[in-house]
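These notes are about the structure you will find just below.
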Amino acid sequence: MASAESAPGSRPLLNGSYEVGPFFDEMFEKDGQPRPHYQALCADLAQLTHESFDERRRAADIFFLYQGITFTVYGSQEGIERIFPFDLIPRIIQRDEWALLERGLIQRVRALNAFLQDIYHDQKIIRDGRIPAELVFGAKHFRREMVGVRVPRNVYAHVAGIDIVRDKDGRYYVLEDNLRSPSGVSYMLENRQAMKRTFARIFEHYGVRPIEHYPQELLNTLRSVAPHPDVEPTVVLLTPGIYNSAYFEHSYLARQMGIEIVEGRDLVVHDGKVYMRTTTGLKQVDVIYRRVDDDFLDPLSFRPDSLLGAPGLFAAYVMGNVTLANAVGTGVADDKAIYAFVPEMIRYYLSESPILENVPTYLAAREEDRAYILDHLEELVVKSVNESGGYGMLVGPHASREQIELFRSRIRAQPRNFIAQPVISLSRHPTYIDGELRGCHIDLRPYVLCGERITIVPGGLTRVALQRGSLVVNSSQGGGSKDTWVLYD
Amino acid sequence: MRIFIQHITTLIYDSPISEAHTEVRQRPLDTGGQRCLSFHLEVRPERANVLSFVDHFNNTVHYFDWLQPHDRVVITANSEVLTPATFTDTCTDLSPLERFDYLAPTAYAPRDEMICAFAAPHIAGSPYETAMALMQAIYRNIQYERGATHVKTTADEVIQLRRGVCQDFAHLFIATCRCQGIPARYVSGYLYDPKFFGTEVATHAWADVFIAGHGWISLDPTHNCMQDERYVRVAVGRDYADTPPTRGVFKGNARETLEVRVSIRSA
């Protein structure tokens, strides 16, 4: 890699020591030459010294600190709130590649919504033997209370976060569908702000497609699924409260959309309609962008001990007086065992072939798959089907003997709860760590909005595994993020 | 048979509650040859607005809220029902979800060694004969006794106690049928028996079993008989938890006392 002319006494950022390694590198070819769509960025970075880069980094950190962009890590003794680590080197996606991803994502979300509509009504896909009944009805997040309930425009997953990775050969795969309350979109938006502030000149000349309209698109989506299309709908965001790991995002999005953020206790259901308590009395609510799990929405219908929802909310929903986004019961479609059937859903409901591939998946619930999994634990990634955020998983090649044996007994005890996949050698991206550029594994979570139509702001959240060699990019597991640039051309 | 039912539920709180939301499942079904000729639900405080919807088992749910502070709610349901001489069901096949739900173990009707061991000696040549044999076995082995069990008693506990009421008989029957691969569902309703009077006798629970080729058959293990014209069906589900006559939540630190009075007569 070419190193830049630099002022005496300062070290150039691109100094030729970066190792591409045996992975697909987003920025560099195998021979160390920058890929065409990264050439301009490399040229600009070559102008920078460590000193000037560090200066911008500090400016970005201060920006994040002042914005209060944090997340909470669960499972540690004391509640830890951290600043989401941000890397200043952007990830760039070419126009054509994005066009393909976009088509693939739209196709996938259409199929997932068709699946949800089907299993909560006629269950044709099961009657036709394309997916086992036990897998669907036995899923933890299947909500039989939703059977026969009509939802506006037949949309269930209004906001979907689809996790996409690239393998060694640069091929894109869908790793997971997140259809309950996918989080992280506030980081996507804030990363862009930070980039614009710290690398204004580079950014302006690059022809990057904007993403700032996401909150407006989200609001349009939510309004388009209001129960009574002729009335100007009142939309609110329902949060579990300030102790939730994503509370920052909830308040951020509500502010950006110009809607109220409410907790369960701010809502009251009366005569089958939902109201929020305001200083001027009760105001009817039409659409709730809820970031509260199904279980906690309504103590009358779901967990009776929940204080996070509003009693009677589900009855109001069933009677069609309020829209919940995402719908109740979407979690069945992001169950990791159901994931294996998404390509089948695309063929079944849309009569199309899948544009984006799935990662090959073994279901421990199937006897022959289970035998294979138990024989190859050292090579596989094992995931528990209902967990998200990188919790409850085993990365075979990096696991200790004890961890492997623990998962072996767990899989034997509850096969329905586990799937396994080959380790995907996630693509890497140069990332600035401890004063040098290192190749770190990344993924991509685009946010797909589905209402009257499907919209995706270009790009999404690129997450980075900051721990050396780590393949886990979740923020709760020590991951960070980058700005994602989708180019006009 | 034409049957009239009056079901009065009184909820009393020892200190005022507010924001109470209540679901009522008391409207007789219009299935299996039964017809609900009229149904009136009256609620006090009387300004409460009663709404209704149909749940995923096709039971009618009446629902109301009362937000102001109160310490007493009275729910009066008056039904007039025409019952068939025998339960006649035209359903010939279960939906995939029904097949799953009515075979899966539940909290009240679990599948464990004790349940399966209880069922094992009664396996007969056909699912129909097995179901009849299980009904008879439960009728013979479990003593009907009020107060021996409570509303949360599960089928495995019933085997140990060897005593119980209709809800317990129904749960044990369902659990044993399911562990033999026979889909079974819980039925809640009323039984009109001119020989007996009183609420405990009038509210009743039994079970339906699904036999391929026959459809649903309705059996009462408490009395070792098939559902006949004296039975009024109100709600069905996987177990009692899907069919409670009333269910509610409220705000306030109060103890709830529930009083139920049912009177039933025939024209």
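Keeping their order, the protein sequence lines are chains P and A.
Using the working numbering, the letters of the first sequence map in sequence onto residues 17 to 505.
Using the working numbering, the letters of the second sequence map in sequence onto residues 31 to 297.
Glycine is no exception: its CB is placed at the ideal position from the N, C-alpha and C atoms.
Since this is a predicted model, take the numbers as computed values, not measurements.
- The shortest C-alpha to C-alpha distance from P/Leu-283 to any of A/Thr-273, A/Glu-49, A/Gln-64, A/Gln-36 is the one to A/Glu-49.
- Within the region 210-248 of chain P, the alpha helix (DSSP H) runs of at least 4 residues that lie entirely inside it are, in chain order, 216-222, 230-240.
- At a cut-off of 7 Å, the C-beta of P/Pro-413 has no neighbouring C-beta in chain A.
- When the five nearest sequence neighbours on each side are left out, the beta carbons in the same chain lying within less than 8 Å of the beta carbon of A/Arg-65 are those of Val-111, Leu-112, in order along the chain.
- In the structure shown, P/Lys-140 adopts helical secondary structure according to DSSP, grouped into three states.
- For A/Asn-171, the enclosing alpha helix (DSSP H) stretches over residues 157-171.
- Using a Cβ-Cβ cut-off of 7 Å, A/Leu-127 counts as an interface residue toward chain P, since at least one Cβ of chain P sits closer than that to its own.
- Proximity to P/Gly-200 across P/Glu-265, P/Thr-294, P/Gly-297 peaks at P/Glu-265, based on C-alpha coordinates.
- DSSP places P/Gln-300 in the strand class (E or B) of the three-state scheme.
- Against chain A, a Cβ distance below 8 Å from P/Met-335 picks out Leu-81, Phe-83.
- CA-CA distance, P/Arg-271 to P/Phe-219, rounds to 26 Å.
- Against chain A, the beta carbon of P/His-286 has neighbours under 7 Å at Asp-95, Leu-97, listed in chain order.
- Neighbours of P/Ala-353 across chain A, judged by C-beta separation under 9 Å, do not exist; the nearest C-beta is about 15 Å away.
- Across the region 109-138 of chain A, CB contacts with chain P closer than 9 Å involve Ser-125, Pro-126, Leu-127, Arg-129, Phe-130, Asp-131, Ala-134, in sequence order along the chain.
- The beta carbons of A/Ser-293 and A/Gln-36 sit closer together than 7 Å.
- If you draw a 10 Å sphere on the C-beta of P/Tyr-504, you find fewer than 16 other C-beta atoms in it, and that means exposed.
- Per DSSP, reduced to three states, the secondary structure at P/Gln-437 is strand.
- P/Leu-379 is positioned such that its CB atom lies closer than 7 Å to that of P/Ala-353.
- Under the DSSP assignment, P/Pro-38 falls outside any alpha helix (DSSP H); it carries neither an H nor an E label.
- The Cβ neighbour count for A/His-234, taken over all protein chains shown within 10 Å, is at least 16; the residue is labelled buried.
- Near chain A, meaning a CB-to-CB distance below 7 Å, the residues of the region 158-177 of chain P are Arg-160, Glu-161, Val-163, Gly-164.
- Taken through DSSP and simplified to helix, strand or coil, P/Arg-111 comes out as helix.
- Contact of P/Ala-149 with chain A is assigned, a C-beta pair being separated by under 7 Å.
- One alpha carbon belongs to A/Gly-62, the other to A/Asp-258, and they sit about 11 Å apart.
- P/Asp-47 and P/Val-36 have their C-alpha atoms some 8 Å from each other.
- The beta-bridge partner set that DSSP reports for A/Leu-221 consists of A/Tyr-261.
- A distance below 7 Å separates the beta carbons of P/Val-252 and P/Val-278.
- P/Gly-467 and P/Leu-121 have their C-alpha atoms spaced approximately 15 Å apart.
- With the rule of 3 Cβ pairs closer than 8 Å, the region 198-205 of chain A counts as touching the region 237-250 of chain A.
- Contact check for P/Ala-332 against P/Val-290 passes: the beta carbons are separated by less than 7 Å.
- Cβ contact annotation for P/Arg-213 (same chain, cutoff 8 Å, sequence separation greater than five): Ala-75, Ala-76, Phe-79, in chain order.
- Every beta strand (DSSP E) stretch that sits fully inside the region 64-111 of chain A and reaches 3 residues is listed by chain position as 65-74, 81-84, 90-96.
- By the neighbour-count criterion, in which a residue is buried when 16 or more other Cβ atoms sit within 10 angstroms of its Cβ, P/Lys-399 is buried.
- Taking 8 Å as the upper bound for CB-CB distance, P/Tyr-463 and P/Gly-177 are in contact here, some 6 Å apart.
- Here P/Val-290 carries a strand assignment [DSSP, helix/strand/coil].
- As computed with DSSP, P/Lys-399 is found in a beta bridge with P/Met-409, P/Ile-435.
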